[in-house]
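Enquirer:
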Amino acid sequence: MKIKNAILITMLMFFVGESNAFWPWIHTGKITRPVLEQEGFESEAIWYIGTANSLVDIHQFSPQLHADDNMLGDASFELRERRKSVIEKLKACDGDAAREHFGQALHTVQDIYSHSNAVDDGLEGLLSGDLILNHLSNSTADCIPILLGVIRSFNSSELVTGYFGGQPDDVPFQTCTHTILNKDGFPSNDGLPHFEAVQAAKAGTLNYLNLI
0 MKIKNAILIT
10 MLMFFVGESN
20 AFWPWIHTGK
30 ITRPVLEQEG
40 FESEAIWYIG
50 TANSLVDIHQ
60 FSPQLHADDN
70 MLGDASFELR
80 ERRKSVIEKL
90 KACDGDAARE
100 HFGQALHTVQ
110 DIYSHSNAVD
120 DGLEGLLSGD
130 LILNHLSNST
140 ADCIPILLGV
150 IRSFNSSELV
160 TGYFGGQPDD
170 VPFQTCTHTI
180 LNKDGFPSND
190 GLPHFEAVQA
200 AKAGTLNYLN
210 LI
């Protein structure tokens, strides 16, 4: 990591003011907090980042923030913009705003793994490095679920995500609903691979941090 980038990351990790609130839940407890603790972030910084992460769920019907409705390209754009904002805020010595934007970005990163077929079809490599920032597009690929016990597949070569909310008639032909694809909790629908998605999202979280 370049010295300048290392200084910016250090500002993200430390120099936090007072805080008082409950710990957010799954995004922070299972994914964000373990990764950032391993990277040496202080507990107060993790609290700021984790709270911002969890509050993204207030915007349930903004599909680009959750990589829903096949809006992978829009999600990627959000991640580029958040990354730009984090760096700008750090350069301006506004650590709290940087942590807020970083936490918001991590929510989107983590949802990509939970809401897509990346884990189901072994496509995590399509999200590695800066691919998650620059090489995703809004999917037009078919989503054809194959659910045979532990065998799960939706598209063997392209990333797809599910459609959230609305009525069944609102879901385009040969696409999937969020209910079928999501791996948000455990136990989850039809025994979805929640734990595998959590591990992949942790790797994605560290990858995004390294892109700052």
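With numbering that gives the first Met the number 0, letter number 93 in the sequence shown gets 92, and the count goes up by one each step, no holes. Ideal Cβ placement from N, Cα and C applies to all residues, glycine included.
Would you kindly report the start and end of the unbroken alpha helix (DSSP H) that includes S42?
Expert: S42 to L54 is the extent of the alpha helix (DSSP H) around S42.
Enquirer: By how many angstroms is the C-alpha of D169 removed from the C-alpha of L208?
Expert: 36 Å
Enquirer: What residue range is occupied by the uninterrupted alpha helix (DSSP H) comprising L122?
Expert: Premise fails: L122 is in no alpha helix (DSSP H) and is neither H nor E.
Enquirer: I believe R82 touches A104 by the beta-carbon criterion, under 8 Å. Please report the beta-carbon distance rounded to the nearest angstrom.
Expert: 7 Å
Enquirer: Assuming I145 is part of the beta strand (DSSP E), what are its boundary residues?
Expert: Here the beta strand (DSSP E) through I145 covers I145 to L147.
Enquirer: Enumerate in chain order the residues of its own chain whose CB-to-CB distance from T27 is below 7 Å, with the five nearest sequence positions on each side excluded.
Expert: Cβ-Cβ distances below 7 Å link T27 to G49, N52 and S53 in the same chain, with the five nearest sequence neighbours on each side left out; the list follows chain order.
Enquirer: Determine the contact status of K90 and H100, defining contact as a CB-CB distance below 8 Å.
Expert: no
Enquirer: Assign H106 to buried or exposed, taking buried as 16 or more other Cβ atoms, counted over all protein chains shown, within 10 Å of its Cβ.
Expert: buried
Enquirer: For the segment 65–75 against the segment 37–45, are there 3 or more C-beta pairs whose distance is under 8 Å?
Expert: no
Enquirer: Which of the three DSSP states, helix, strand or coil, is assigned to S61?
Expert: coil
Enquirer: Can you tell me where the alpha helix (DSSP H) holding I150 begins and where it ends?
Expert: Where I150 is concerned, there is no enclosing alpha helix (DSSP H), although the beta strand (DSSP E) it sits in stretches over I150 to S152.
Enquirer: Express the C-alpha separation of K182 and G203 in angstroms, rounding to a whole number.
Expert: 15 Å
Enquirer: The alpha helix (DSSP H) that contains L205, what's its start and end?
Expert: H193 to N209
Enquirer: Would DSSP call T176 helix, strand or coil?
Expert: strand
Enquirer: Strictly by DSSP, which residues pair up with S115?
Expert: T160
Enquirer: Can you round the beta-carbon distance between S138 and V159 to whole angstroms, since I take them to be within the 8 Å contact cut?
Expert: 5 Å
Enquirer: Could you round the C-beta distance between S152 and D119 to whole angstroms and report it? I think they count as a contact, below 8 Å.
Expert: Right, their Cβ atoms sit about 6 Å apart.
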